[in-house]
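**Q** Letter by letter, the sequence shown follows residues -27 to -1, 1 to 429 of mature numbering (1 follows the signal peptide of the UniProt record, and there is no 0). Beta carbons: idealized from backbone N, C-alpha and C, even for Gly. Here it is, the structure in full.
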Amino acid sequence: MKKSLRQVVVISGVVASSVAMSVPVQAGLPFFSDNNKQEVPSLAPMLEEATPAVVSISVEGTQTARQQVPEMFRYFFGGPQEQVQERPFRGLGSGVIIDAEKGYVVTNNHVVDNADEITVKLKDGREIKAKKLGADEQSDIALLKIKAENLTDLPLADSDSSRVGDYVVAIGNPFGLSQTVTSGIISALGRSGLNIGGYEDFIQTDAAINRGNSGGALVNLNGELVGINTAIFGPNGGNVGIGFAIPSNMMKSLVDQIAEFGEVRRGLLGILGNDVDAGLAEAMNVPVNKGAFIREVQPETAAEKAGLRAGDIITAVNGRKLSGFRELAARISSMGAGAEVDLTILRDGDKQTIKVTLDDASKTQVTAAQLHPALEGAELANGEDEAGNKGVEVTELDRGSPAARIGLQPEDVIVSVNRQRIESIAELREAMDASQGVIALNIKRGASTRYLVIRQ
């Protein structure tokens, strides 16, 4: 039976038991010579420098589980509409020291999410309590801070320069086995559409990765950080040679925002669109089969101010080629508000570059009709539900409008689209634009939860 990409598993771990890889001398691996013996390829000198920067992370916390009480039991016995249970949990993962002087450690958000206590264990055996400076659920990045002397950090590679076929090494703590190293190559770049998180622009690798290494390092043969290991694709949750890492450039942009503001302040372009495929390329008579097709430019947005038009095809961001619209969304979202971006476009067959200054997605308020015709009549703004979870609030609603007819009410808070968590209008826009067929909106209305279905 054909396996679905829904089997992608976000794990508290990436990187597995060591594997040997026989590589010809001409492949470019570094050489190691011992006492005038014959030189042989070896990663040992590089790893001696790199592994002290990769740490083990253990967490403890309490998870809150809410369960709706059936109405019949509330009628007979009284009591609240839902039961709240708190359960303690423990977890293990990995992290990477990216700034020894400041004590900055990067890991995945899902490793430290809801943790009350975070402990970082260094390669030399020291255990240090860590403070979480901030995190971003949609990109699955978290920034920690530790105080310690004699730390080692990993220099960052330019992940935009990575190529399919480059040798990489994964370092982490699978199954709690500290300092495990595996090797492989970059199998693909710009992977998206995997339903792992809200914004996806992954490096794919065949370096063996397993549970316990989320947040671990993917490094090149120079010992530079290429990516943060995040997830695997596996029918049974085990390694099948398909793993995914967040590119170092994307991570650095997000971490810089967290360090400065305590949160990610996403950039917003303000377009709706689709992937370019062979059919669209033929219909538009353009000489490209990949890129992001602009279906609509939102009014009074960065895109409109820069002069982008419906029908333009974006083929590259800051000189790096695009595979599709989702990859464009991931790159733009990781850039901070106010960032200047060079977009390479095709317009009427002519190639040109347009400079765009991104808007702040967190300050956006829109008419819902700009997102989908079925939402016409609603005004949306970034907000929170009663539990303090971020989402998109219905601030105004016209009586008898399409939005009212599908069941929206004022003060409803949209928290997910087709089970994909959203926290802002920008994320709602991207999630709805990426959806095909039926769209299921998860709505928080007071203390209750419900779904509203839009059929396209």
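Determine the direct distance from the alpha carbon of I182 to that of V(-14), and round the result to whole angstroms.
**A** For V(-14), the predicted structure reports a pLDDT of 33, less than 50, and the residue's modelled location is therefore unreliable. The matter cannot be settled from this model.
**Q** R392: buried (16+ other C-beta within 10 angstroms of its C-beta) or exposed?
**A** That one is exposed.
**Q** Just the Cα atoms here: how many angstroms apart are R239 and E12?
**A** Cα to Cα, R239 sits roughly 49 Å from E12.
**Q** List the residues that DSSP assigns as beta-bridge partners of E33.
**A** Answer is R63 and E90.
**Q** Extract the residue ranges of the beta strand (DSSP E) inside the segment 249 to 288, only unbroken runs of 3 or more that lie entirely within it.
**A** Runs found: 265 to 270.
**Q** Mark D97 as exposed unless 16 or more other C-beta atoms lie within 10 angstroms of its C-beta, in which case mark it buried.
**A** Counting Cβ neighbours within 10 Å, D97 comes out exposed, since fewer than 16 surround it.
**Q** Is D358 near the ligand MN - that is, is its Cβ less than 7 Å away from at least one heavy atom of it?
**A** Ligands in the displayed structure: none, and consequently the ligand MN is not present.
**Q** Could you check the C-alpha separation between L414 and V388 for me, to the nearest Å?
**A** In a straight line, the C-alpha of L414 is about 8 Å away from that of V388.
**Q** Verify whether the separation of the beta carbon atoms of M224 and I205 is less than 8 Å.
**A** Going by C-beta atoms, M224 is not nearer than 8 Å to I205.
**Q** K417: buried (16+ other C-beta within 10 angstroms of its C-beta) or exposed?
**A** K417 comes out buried.
**Q** Are A108 and E33 touching if we call contact CB-CB under 8 Å?
**A** Contact: no.
**Q** For G157, which three-state DSSP category applies?
**A** In this structure, G157 counts as strand in the three-state DSSP scheme.
**Q** Flag this pair as touching only if the segment 348 to 357 and the segment 309 to 324 have three or more C-beta atom pairs under 8 Å; answer yes or no.
**A** No, the segment 348 to 357 is not in contact with the segment 309 to 324.
**Q** From V270 to T155, what distance separates their C-alpha atoms?
**A** Computed Cα separation, rounded: 45 Å.
**Q** How about A160 and T178: are their beta carbons less than 8 Å apart?
**A** According to the sequence displayed, residue 160 carries Ser and not Ala. Result yes, Cβ atoms of S160 and T178 sit closer than 8 Å.
**Q** R164: which of Y172, S226 and V386 sits nearest, CA to CA?
**A** Ranking Y172, S226 and V386 by Cα distance to R164 puts Y172 first.
**Q** What's the gap between the Cα of L194 and the Cα of S134?
**A** In a straight line, the C-alpha of L194 is about 14 Å away from that of S134.
**Q** For I80, count the other beta carbons within 10 Å of its own beta carbon; 16 or more makes it buried, fewer makes it exposed. Which is it?
**A** The question names Ile, yet the displayed sequence has Thr at residue 80. Flag for T80 reads buried.
**Q** Taking DSSP's pairing of strands, which residues face I387 in a bridge?
**A** Answer by DSSP bridge pairing, in chain order: V365 and I416.
**Q** Give me the residue from D131, G185 and V137 with the minimum Cα distance to P147.
**A** Checked all of D131, G185 and V137; the closest Cα to P147 is G185.
**Q** Report all residues from its chain with a CB closer than 7 Å to the CB of G419; omit the five preceding and five following residues, and keep chain order.
**A** Closer than 7 Å at Cβ, skipping near neighbours: E359.
**Q** Would residue 433 be called buried (16 or more neighbouring beta carbons within 10 Å of its own) or exposed?
**A** There is simply no residue 433 to check, as the chain begins at -27 and stops at 429 in what is shown.
**Q** Quick one: Cα of P25 to Cα of D248, how far?
**A** Distance between the alpha carbons of P25 and D248 is about 42 Å.
**Q** Which residue marks the beginning of the alpha helix (DSSP H) containing L401, and which one marks its end?
**A** Taken as a continuous stretch (DSSP letters only), the alpha helix (DSSP H) holding L401 covers I398 to A407.
**Q** Tell me which residues share the same chain as N258 and place their Cβ nearer than 8 Å to its Cβ, disregarding the 5 neighbours each side in the sequence.
**A** Taken in chain order, the residues that qualify are G322.
**Q** State the beta-bridge partners of E74 as determined by DSSP.
**A** According to DSSP, E74 bridges with nothing at all.
**Q** Going by DSSP, which residues form a beta bridge with D333?
**A** According to DSSP, which records beta bridges pairwise, D333 is partnered with G240.
**Q** Spatial neighbours of Y424 within its chain, please: C-beta separation below 8 Å, excluding the five flanking residues on both sides.
**A** Excluding positions up to five away in sequence, the list reads A413, L414, N415 and I416.
**Q** By alpha-carbon positions, which one of L281, Q230 and D285 ends up nearest to A254?
**A** Selected option, being the one with the closest Cα: D285.
**Q** According to the Cβ coordinates, are A283 and I305 closer than 8 Å?
**A** No; because the gap between Cβ atoms is not below 8 Å, this pair is not in contact.
**Q** Judging by CA-CA distance, which residue of E59, S29, R378 and R394 is the nearest neighbour of V78?
**A** If we check each option's Cα against that of V78, S29 comes out closest.
**Q** For R136 and L162, what's the separation of their Cα atoms in angstroms?
**A** The straight-line gap from Cα to Cα measures roughly 8 Å.
**Q** Give me the residue from H345, E110, S397 and L370 with the minimum Cα distance to T203.
**A** The shortest C-alpha separation from T203 is found at E110.
**Q** Assuming A265 and L295 are in contact, meaning their beta carbons sit under 8 Å apart, how far apart are those beta carbons, in whole angstroms?
**A** Confirmed, Cβ separation roughly 6 Å.
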